[in-house]
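Reading through the structure tokens given below for one structure.
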Amino acid sequence: MIERTLAKRYAAALLRITDAEGTTEETESMLLALKGAYERDKAFRAVLGQPQIPRAFKKRVLRRAFETTARRSFLEFLELLVDKNRAEILPEIAEMFDRLADVSKGVVRVQVRSWRPLGDAQRSGLQTRLERLTGKKIEIEAQADPALKGGMLVRIGDTVIDGSVAHRLKVLGERLKELEKR
Numbered sequence: 015m016i017e018r019t020l021a022k023r024y025a026a027a028l029l030r031i032t033d034a035e036g037t038t039e040e041t042e043s044m045l046l047a048l049k050g051a052y053e054r055d056k057a058f059r060a061v062l063g064q065p066q067i068p069r070a071f072k073k074r075v076l077r078r079a080f081e082t083t084a085r086r087s088f089l090e091f092l093e094l095l096v097d098k099n100r101a102e103i104l105p106e107i108a109e110m111f112d113r114l115a116d117v118s119k120g121v122v123r124v125q126v127r128s129w130r131p132l133g134d135a136q137r138s139g140l141q142t143r144l145e146r147l148t149g150k151k152i153e154i155e156a157q158a159d160p161a162l163k164g165g166m167l168v169r170i171g172d173t174v175i176d177g178s179v180a181h182r183l184k185v186l187g188e189r190l191k192e193l194e195k196r
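When the letters of the sequence shown are read in order and numbered with the numbering used here, they come out as residues 15 to 196.
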């Protein structure tokens with residue numbers, strides 16, 4: 015929980031800087047790439063997480079990865095994380111930055127699971143309806159899940175709209191069990 019709070023503070027501070035510079039999208043991209051590398055590469059994680067490894071070496075590793083593409087403010091941010099022994103929460107910072115950047119742009123990410131892949135027309139129609147419903151720009155992250163047996167499950171933040179056949183069958187089964195008990 016503490017890491018999440020710290021990650022949010024660092025992400026919010028970085029977002030203020032990148033908003034002022036107009037570099038939010040490129041910073042978001044670099045942070046997500048860094049998160050991916052951190053999660054995939056055990057050696058990279060070990061370098062950033064080991065207190066015995068000198069800070070100067072950790073800074074060089076991070077600087078080399080981004081020195082040709084990143085702005086100075088981003089590199090200084092990474093160095094600050096190393097100085098404050100917070101480099102190991104980079105994945106949480108990246109995730110929080112991604113969320114905060116979406117909020118600042120008025121974008122809502124919606125996870126959609128459907129029993130088969132959504133077609134372009136379905137995706138577009140769903141996006142239009144959800145944008146009307148929420149009053150915000152919607153980005154759909156779709157995933158096929160045959161276990162739903164039909165329909166779809168839509169998650170907007172903490173709200174879940176379950177229109178799947180599997181859910182309807184489950185509800186119907188529960189109702190039948192209640193009727194049998196009577």
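We put the CB at the ideal spot given by N, CA and C, even for glycine.
Problem set entry | Alpha-carbon spacing of A158 relative to A135, whole angstroms | 16 angstroms
For this session: Tell me whether L132 sits in a helix, a strand or coil according to DSSP, three-state version.
Result: coil
For this session: Keeping to the same chain, check which residues put their C-beta closer than 6 angstroms to that of I170; ignore five residues upstream and five downstream.
Result: Non-local beta-carbon contacts of I170 in its own chain, meaning distances under 6 angstroms to residues more than five positions away in sequence, involve V124 in chain order.
Problem set entry | Residue from I152, S138, T83 whose Cα sits closest to the Cα of D116 | Proximity to D116 across I152, S138, T83 peaks at I152, based on C-alpha coordinates.
For this session: Could you spell out the range, first to last residue, of the beta strand (DSSP E) harbouring T173?
Result: 173-176
For this session: Would you decide whether R23 is buried or exposed? Buried here means 16 or more other CB atoms lie within 10 Å of its CB.
Result: exposed
Problem set entry | Contiguous beta strand (DSSP E) assignments of at least 3 residues, all confined to the segment 95-175 | Segments of the beta strand (DSSP E) lying fully in the segment 95-175: 121-128, 151-158, 166-170.
Exercise. By Cβ distance below 6 angstroms, which residues in the same chain neighbour F91 in space, the five residues on each side in sequence not counted?
Worked result: Exclusion of the five residues before and after F91 leaves L28 as the residues of its chain whose Cβ lies within less than 6 angstroms of its Cβ.
Problem set entry | Status (buried if at least 16 other CB within 10 Å, exposed otherwise) for K72 | buried
Exercise. Would DSSP call I67 helix, strand or coil?
Worked result: coil
Problem set entry | Burial state of I107, where buried means 16 or more other Cβ atoms lie within 10 Å | buried
Exercise. Among the residues of its own chain, which have a CB less than 6 angstroms from the CB of P131, if the five just before and after it don't count?
Worked result: A158
Problem set entry | Minimum Cβ-Cβ distance from A101 to chain C less than 9 angstroms | No chain C is part of this structure, which consists of one protein chain only.
Exercise. Nearest CA to the CA of L48: which residue from A34, T32, R78, I16?
Worked result: R78
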